[in-house]
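Below: one structure, written as C-alpha cells.
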Amino acid sequence: MASVTDPVLECRGISKFFPGAIALDAVDLTLYPGEVHALLGENGAGKSTLIKCLTGAYRRDAGTIVLNNQEISPNSTQDSQKLGIGTVYQEVNLLPNLTVAENLFLGRQPMWHGFISQRKMMTMARDLLAEFGLSVNPAEPLSAYSVAVQQVVAIARAVELSGKVLILDEPTASLDRDEVDLIFSVIEKLKARGLAIVFITHFLDQVFEISDRATVLRNGRVVGTRRLADASQTEIVTLMLGRQLEDRIHDRAPPAIGDTLIELTNFGKRGMITPFDLTVRKGEVVGLAGLLGSGRTETAEIIFGAVQADQGDARLEGKKISIRNPREAVTHRFALCPEDRKSDGIVGDLSVRENIILALQARQGWFRPLPKAKVNELAEAYVKALDIRLASLDMPIRLLSGGNQQKALLARWLATNPAFLILDEPTRGIDVGAHAEIIALIEKLREDGMALLVASSELEELVAYSTRVIVLRDRRQVSELTGDDITTSNIVAAIADEPMAEAV
Amino acid sequence: MIRSTHLPLLITIATFLLAFTLCASQYPAMLSTRVVANLLTDNAFLGIAAVGMTFVILSGGIDLSVGSVIAFTGVFLAVILRDTSIHPLVAFVLVLAITISFGAAMGAMIHYLEMPPFIVTLAGMFLARGAAYVLSTDSVPITHEFYDTLQSLYWKAPGGGRFRLTGIIMLLTFLAGIIVAHRTRFGQNVYALGGGLSTARLMGVPLARTTIGIYATSGGLAGLAGIIFSLYTSAGYSLATVGVELDAIAAVVIGGTLLTGGTGFVAGTFFGILIMGLIQTFIVFDGTLSSWWTKIVIGGLLFGFILLQKGLTWATTLRRKPATEFAAQS
Amino acid sequence: TIGFSQIGSESGWRAAETTVTKQEAEKRGIDLKFADAQQKQENQIKAIRSFIAQGVDAILLAPVVATGWDEVLEEAKDAEIPVVLLDRTVDAPDDLYMTAVTSDLVHEGSVAGQWLVDETAGEKCDIVELQGTTGSSPAIDRKKGFEQAISGHDNLNIVRSQTGDFTRSQGKVVMESFLKAVGGENICALYAHNDDMAVGAIQAIKEAGLKPGEDIKIVSIDSVPDIHLAMANGEANATIELTPNMAGPALDALEAYLADGTMPPKWIQTESKLYTLKDDNMAIYEMKKDLGY
Amino acid sequence: MTAHVHNTLRRITPQLIILAAVLMLNFMVFPDFFRIEFQNGRLFGNLIDVLNRGAPTALLCIGMTLVIATRGIDLSVGAVMAIAGAVAASLAVDGHGWQVALTGALAVGAICGLWNGVLVAVLRIQPIVATLVLMVAGRGIAQLVTEGTILTFLDPGLIHLGAGTILGIPTPILIWIALGLAVTAAVRKTALGMLIEAIGINESSSRLAGINSRVLIISVYLISGVCAALAGVIVAADIKGADANNAGLWLELDAILAVVIGGNSLLGGRFSIIASLLGALIIQSVNSVILLSGMPPEFNLVIKALIIIAILVIQSPTVKHALYILRASAEPQPAEPIKEAKESPQ
Ligand SMILES: Nc1ncnc2c1ncn2[C@@H]1O[C@H](COP(=O)(O)OP(=O)(O)OP(=O)(O)O)[C@@H](O)[C@H]1O
Ligand SMILES: Nc1ncnc2c1ncn2[C@@H]1O[C@H](COP(=O)(O)OP(=O)(O)OP(=O)(O)O)[C@@H](O)[C@H]1O
Ligand SMILES: [Mg+2]
Ligand SMILES: [Mg+2]
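Residue numbers (the numbering used here), protein chains in the order written: chain A, 34 to 537; chain B, 2 to 331; chain C, 2 to 294; chain D, -13 to 332.
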C-alpha cells in the first residue's frame, strides 16, 4: 500500500446542506496514489453528493479540498476536469444527440489547423473503446445504444480525462460480468500508473475484489475507513447499516405455481426482438438473463406495450387481449418498472407522493381523483415498507438519491396491485440492506400469487428468486432453466455460446 | 455509407428539389436565372439571420429579437449616415458592435439569471424595435455613394438574373456557419447544450461562454442581416422586417433542425430558406390568390412541407434500429 | 398581363382598394396578377422581381414605405416594364417609374385641421389625437398636415396623442384612457388618423356617457361606410375621403401608354374630398357598403 | 383546506407584489387611478379598465397555461380569436341569435384546438411549428369569412358579451373570472392537473405509467382553442364588429408573457392558472401606465420592454436565490435551496 507517500487528494470537513436535510456533515476523505478507494453507504448516505461537491458540480457549504498539496476549489466540473479529476456521475450523463466519439472527446477534440479533425477523432474513439471491449460505431449517435453501452462510454471518457483522480459513481450497475471484468482490468492499469480511484458501488464482492480501502458513510457522516485486506464483509455491512444484516435462510417455499396468467405466442417485432413464446403462471418468477443487448429490456418493453409488437398474440387467463400501449397493459393490471429510471421512470418535478400514486391514478381515470387521505396512506405505507429515505413526501422526486428513486418507482407499481409485474433491473443502485429486502419482497409477492418477470444482470439475484430462468442471446430466447438447474454456472454456460439441449 | 444523422438534411434537399421541379413544370419561367438569382438576393438577409437562429435553436433556445434587431440596424445606419459624415464601413463596425453586445447581454441574462430564452428575447424584441422608433419613426433613405458602389457589384447572368454581392455574403455566412458548427469546439458545445443543459454542465461544457457566444452570434448575424437589408432597400425603417424571426424559425425547422435542440444542420437551414422563397415565388407566379388565400396557402404549404418531411423521415427510419424509437418520441 | 403588388389587407380601406383594382382590371379585360405582401417591404420587392421574371407588361405597386425602391425599380426599367405607383410615392428618381396615382397624405391632414379651425371659429378647444401605426407614413403625414393647419390658432391644442394602430379596438381602448386621463368634459374634439379608430372611439365616448359628435367633435380620414353611418346618426362630424379607386386612373394611363406611348404626368393626384354632416351620409353609406370595405 | 389556501397564496405572492408595484406606478403617473365611480349604470374607472381590457389576454392565458404545462406552446391563439370573432359576426349578420353565434364561434375554436392537438400529439410535430401553421393560415381563414372587411353586427345579445355589464360590472370581467375559476377547479378537483404536469415534466415516464398522454395533450389544445374563441367573441363584441385583420394580432405573445410572469416554466410541469391570470393583469397594468403617462407613442415599446425586463429579473431564479440567501444568512442555520438547472429530458 502506498500510505507512505503523500496523498493525491485530501478532503477535510466537507459539509453540504439541503433544505430539510444535511447531506454531508464534515466528511473527510483521503486518497493516495495507486489506490482504489471504495466509498460505501446506504442509499441516501451522501456518496453522490460528496462526489458532486468534490468536482464542483455542487457548491460545498464548508470544507477544504487539497490536491497534490495545493488547495483547490473547483467551481464547475470543467475546473475539476482541468485539474485531472475524471468523473462518472451516477446517472449516465452523456449527450444522447451527439455521436459516441463526440461524447468521448467533448471539450478536447483533436484539432487540426485550428479545426476539429473528425477523422482523427473517430480513430481515437475506436481505439479507446476497443480497450473496453466495445466494438460500436463511434459515428453513431449515442442514443442508438443501450444504457449499458452508454455507461461504458462514460467510463471511457472519464478515464481519458483523469490525470490524477478517477471517480466512478456506481459504474457497474446493470453491467454484466464480462464488462465488469474489462473495466476492472482498466482500473488495474490506471492504478499501476499511480492514479487514485474512487469507486462507489453496492456490490460488496466487487469492492473486495478491486479496492484497497473503503470509507463508509452513514447519514452524511464518515463512520469509518478500513483497509479491506483486514476487514470482513460483515464488518463493512455493519458499518454501513449500523446494524447486522440478518441472514436470511434460503428456505425457498416450493413454488406454489398457479394457473396460467399470461400466454404470449409468436410475440415479437421485426428488427427488435425475434418472435418468442412465453407463458407465465401465477405465483411464478420468470428470470431473464443475458448479456448486454441480448434483448431483455426489449422483451420487457414489448410485453408491456411500451413498444408495439408487430406480430403475435397475447392471452390473459385464456382471453385474447391487445397490448398496444402501456395504458392497455396497465388496464390489464400489468406493471413495468423500467431500466432507465431517469428518463422512463421518475417524473422529476412531481413530489414523491405524486410519483407513487401516478400509475394508480392513471388507471383510475382523470375524473376520479384518489382522495387525499388515501393518497397519504398509500404513500406513507410504501415509504415505510420499502424504507425510502426522504425529507418529506412533498419533495420533488429528482432530489432523492438514486437508490431511493428506484424504490419509489417500485412503490408506484406495487400501489397498483398488479397481477403481472415486470421488473427490469430492479436492484440497480440499491444498497445491500434494501437489496435483501427487495429479494424478500419479490419472493413474498410470488407467494401471494403474483406473476413476475424479472430481467437482471445480477445472476446471484436471479438464482435467488427465479422459479424459471430464460436466457436470451442476440435478441432471441436460447434456453430455459428450471428447478435445480437454476444455478449461476448453468446460466453462464447458457449465455456463453454453448447452446443447451433444452433450447426453446 | 450515409450517416444516419444526416438523413433530415438529405430529406430537406430532396424536398426542395422535388418542389422546384413541380413548380417549374407548372411555370417554366421559373427555370430562368432571374428566379434563381432572386432566390439568393431576396432571401439574403433572412438567410443570414437564419444562420444565427440555427445556432440558437441547436442549443435549445430561441431568439425572437432578430426581426427587430434588423430594423434597428437599418434605422441606426440610416440615421448615422444622415447625421454624421462617417464612412459606412465604420458605421457597419459600430452597428455590429452594438448588435453583438445586445445579443451577448441577452445571452448573459439567459445564463446568469436562468431565464427562459423565449421571454428574454421577447423583451429584447420590444426593446430593439422601441429603440428603432426612438431613433426615427420616419423611414430614412440612405444616399451614400458607397452604398451605390456596393449595390453595383453584381454579375448579370445570361437570362437577366443578377447575382449580387448580398447573395454571395449569405452563401459565405452559411459556409462559415457550417464550419463553425461542425469543426470547432464552440460548435460542438452548442450541440452539447442542446442535448441537455445539466448534462452538458456535468461534462464540463463552459455554459456561460457558450450561451453568451450563441446569442452574441445571433445578434451579430442579425446585425449583418440588417446591414444587408439596408443595402437591399437603401433605407432604414423602424417598421421593417416585422415577424422575420418567425420566418427564420420556420426556415430552420423546415431545414430539419429540431426546436428541442441538439439535432440539425446549418446547411439544412439554407434549403429551408430556399423552400420558403420558393413558396413565395410560386404564389406570385400564380397571382390569382386573394390576400386571405395567400395566407391560407402559405400556412398550408408550410404544413405540407412539414408533413412531407415527417413522412420521409418515417419511411426511411422504419428499417432502422427501433431501439431508439421510444426515446425519439419524447 | 399586369402585376399588382399590394401591401396587404390590414384595413377595410385596403381591402376595398384591392377589390376596386380587380374590378377595374376585369372591366378592361386585363389579366391581373395579384401579390399580397403581408405588410412587408421585402415581400413586395420579391413580388416585383418575380413579376419581372415572368415578363409582365406593367406593374402596379402600392408601396408600403417611401424608401428603398431604387434597386428593384431599376431592374424593372432595365426589363422595360413600366411601373405605376398607387396611393403613395416613393423616394426614388422619378425616371424609375411612369407615374404615381396618389392622394396627398399631408393635405388630408390639413383638410381635417382646417375643418376644425373653421368649426371652432376661434373658440378654445382641446383636441385628442389617435395616431396611426407608429412609423407608418400615413400616421406621420396626417399628423404633420393636421398640425400645420392648426398652427397659429392658439385656441386649438392637442392635449393627448397616442397610437391606436389604425384599428377599431385600439381606438376604443386608447379613447377610454383619454377620457379618464383628461376627463371627458375637457375634451372638445377628436382627430383620428383613420375612420376605424374613430368608430372605436365613438363607442368609448358613448360608454362614458357622453355624446359623440356633440360633446366631442370627431373628424377622421378615409370615408369608410361605417363612419358615414355614424355621421348619419350625428355621432361623427367630418371625414376626408381617400378614394380606393387608385387603379382606375392608373390603368387608364397604362392603357394609353401601351397603345400609343402617351406619357402620363408624373403625379396623378386623387381628390381629398371633405364630407360633413351637410352631406347625405346615409346615401353615401348605402353606396359604399358593398365596395369591400 | 387552509393549508391549500396557504400554499396557493405563497405561490402567487411574487405576482401580487409585482401587480401592486405596477398599480402604484399607475397611481404615480395618474393620481386618480384608483377612483371608481358608478356612472351610466356601470362601474367606471381605470382599475375597472385594467380588469376589462385584460380580459382577452386573461382568457388566452387560461388555455395557454395548460398548453405550456404540457411543454407545448400555442402560437395560433391570436388567429383563432380572429376566426371565432369572424364566425360569430357572420352568424349574427345572418340573423342568428347570440346563442347560436357564440356556440358557433366556440365550436370553431374547439375545432382549431383539435387541429393543433392532433398535429402535436398524433403527428408529433413540434408545438411551435404545429401552431405556427394555424397562426399563419388562421388569419387568412378569418378574412375569408369576413371577406377582408370589418363585419359589423347589431345583435344586442352578442354585443353584451363584450360591451355590456351585469350588475354594473363589465361582462368580460365576469367571463374571465368565471372561466378561470371553472378551469382551475376542473384541473385541481380532478386528477387532470397532476397528469398534465406529469406529461410536461417527462412524457416518456408518464406514458409508461399508463397516462393517456395523447388524449390529454389534444384536450389542452382544445381548451386553449375554446378560450381563444371566447376571447375573440369578446373582442369582436366590444367593437360590434369582427376585424379579421387585427383582432388578437400578436396577442399570443402577451398571453405567453403572462404565463411566464405568472411564474410558470416554459419547460412545462408545475402550473398555476391564478398566477397566470395575475400575469395578464400585470401586463394590462403596464399597458395602462403607458397610456396614462401621456408619453409620445414612439416610447411605448421601450417603456414596456424595460418594465417587463425589470419584472422578469426580479422573478428570475437567480435573484430569488440571492434573496433567499440574504434572508437565510440572517438566520442562524445555514440552508440553501436547490440551485440546479432544470433539464429537459431528451
Ligand atoms: N438537491 C437536493 N435537495 C435536497 N435534498 C437532496 C438534494 N440532493 C440530494 N439530497 C438528499 O441528500 C441525501 C444524499 O443523497 P446522495 O445522492 O448523495 O445519496 P447516495 O449516497 O449517492 O445514495 P445512492 O446510493 O442511492 O445513490 C439524500 O437523502 C437526498 O435525498
Ligand atoms: N456490446 C455491444 N456492442 C454493440 N451494441 C450493443 C452492445 N451492447 C448492447 N448493444 C446495443 O444496445 C441495444 C439495446 O440493448 P438493451 O439494453 O435493450 O439490451 P438488454 O438485453 O436489455 O441489455 P441490458 O438490460 O443488460 O442493458 C441493442 O440495440 C444493442 O445493439
Ligand atoms: Mg448516489
Ligand atoms: Mg436492459
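In this text, a Cβ means the ideal position worked out from N, Cα and C, and glycines have one as well.
Proline 83 of chain C and lysine 23 of chain C have their C-alpha atoms roughly 19 Å apart. In this structure, serine 199 of chain B has its CB at a distance of at least 7 Å from all heavy atoms of ligand 3. Listed along chain D, no residue sits closer than 7 Å to arginine 190 of chain A by beta-carbon distance, the nearest being about 18 Å off. According to the DSSP assignment, lysine 417 of chain A belongs to the alpha helix (DSSP H) that extends over 405 to 418. Chain-ordered listing is empty here: chain B has no CB closer than 8 Å to the CB of arginine 256 of chain D, the nearest sitting near 14 Å. Relative to proline 204 of chain A, the option among A:Pro371, A:Val125 and A:Thr449 whose CA is nearest is A:Val125.
Isoleucine 307 of chain B reaches chain D at Ile111 and Val115, counting residues in chain order whose Cβ is nearer than 7 Å. Taking valine 318 of chain A as the centre and dropping the five residues before and after it, the same chain places the C-beta of Ile475, Arg479, Leu485, Val487, Tyr498, Ser499 and Thr500 closer than 7 Å to its C-beta, in chain order.
Bridge pairing for proline 213 of chain C: C:Ile217 [DSSP].
Assignment of tryptophan 268 of chain C by DSSP, reduced to helix, strand and coil, places it in the strand class. Contact residues of the segment 140 to 153 of chain A toward chain B are Gly140, Gln142, Phe148 and Ile149 (C-beta to C-beta distance below 7 Å). Scanning chain D for C-beta atoms nearer than 7 Å to the C-beta of serine 221 of chain C yields nothing, as the closest lies near 14 Å away.
With distances taken between CA atoms, isoleucine 170 of chain B lies nearest to B:Leu222 out of B:Leu222, B:Ser235 and B:Ile111. Annotation: Cβ neighbours of asparagine 198 of chain D in chain A (cutoff 8 Å, chain order): Arg360 and Ala395.
Arginine 28 of chain D carries a strand assignment under DSSP once its states are collapsed to helix, strand and coil.
8 Å or more divides the Cβ of leucine 215 of chain A from the Cβ of valine 121 of chain A. Residue burial is scored here from C-beta neighbours: glutamine 42 of chain C has at least 16 other C-beta atoms within 10 angstroms and is therefore classed as buried. At a cut-off of 8 Å, the C-beta of alanine -11 of chain D has no neighbouring C-beta in chain A. Contact between serine 274 of chain D and aspartate 35 of chain D is confirmed by a C-beta separation of about 7 Å, below the 8 Å threshold. In the DSSP annotation of this structure, tryptophan 399 of chain A is not part of any alpha helix (DSSP H), being labelled neither H nor E.
A Cβ-Cβ separation of about 27 Å leaves asparagine 232 of chain D out of contact with serine 111 of chain C under the 8 Å criterion. Those residues that bring their Cβ nearer than 5 Å to a heavy atom of ligand 1 are A:Phe51, A:Ala54, A:Ala56, A:Asn76, A:Gly77, A:Ala78, A:Gly79, A:Lys80, A:Ser81, A:Thr82, A:Leu432, A:Leu433, A:Ser434, A:Gly435, A:Gly436 and D:Ile324. Shortest gap from the CB of glutamine 123 of chain A to any heavy atom of ligand 3: under 7 Å.
The Cβ-Cβ distance between alanine 181 of chain A and leucine 208 of chain A falls below 8 Å. Counting only residues of its own chain and dropping the five nearest sequence neighbours on each side, aspartate 141 of chain D has a CB closer than 6 Å to the CB of Ala78 and Trp84. If you keep only unbroken beta strand (DSSP E) runs of at least 3 residues inside the segment 353 to 399 of chain A, you get 367 to 370. Between the segment 174 to 185 of chain B and the segment 131 to 138 of chain A there are fewer than three C-beta pairs closer than 8 Å, too few to call the two in contact. Contact between the segment 120 to 134 of chain D and the segment 68 to 76 of chain D is present: 3 or more CB-CB pairs across the two stretches fall below 8 Å.
DSSP, read as helix, strand or coil, puts tryptophan 70 of chain C in coil.
The segment 232 to 241 of chain C and the segment 202 to 221 of chain C touch, with no fewer than 3 CB-CB distances between them shorter than 8 Å. If you draw a 10 Å sphere on the C-beta of arginine 161 of chain C, you find 16 or more other C-beta atoms in it, and that means buried. In this structure, the beta-carbon distance from valine 94 of chain D to valine 73 of chain D falls below 8 Å. Residue environment: tryptophan 145 of chain A is assigned as exposed (fewer than 16 neighbouring CB atoms within 10 Å of its CB, all protein chains considered). Taking C-beta separations shorter than 6 Å and ignoring five residues to either side along the sequence, the partners of alanine 26 of chain C in its chain run Leu33, following chain order. Setting aside the 5 residues that flank it on each side, serine 195 of chain A is surrounded in the same chain by Gly117, Ile118, Gly119 and Leu228, each with a C-beta closer than 7 Å to its C-beta; the list follows chain order. Against chain A, a Cβ distance below 7 Å from threonine 176 of chain D picks out Trp399, Phe400 and Pro402.
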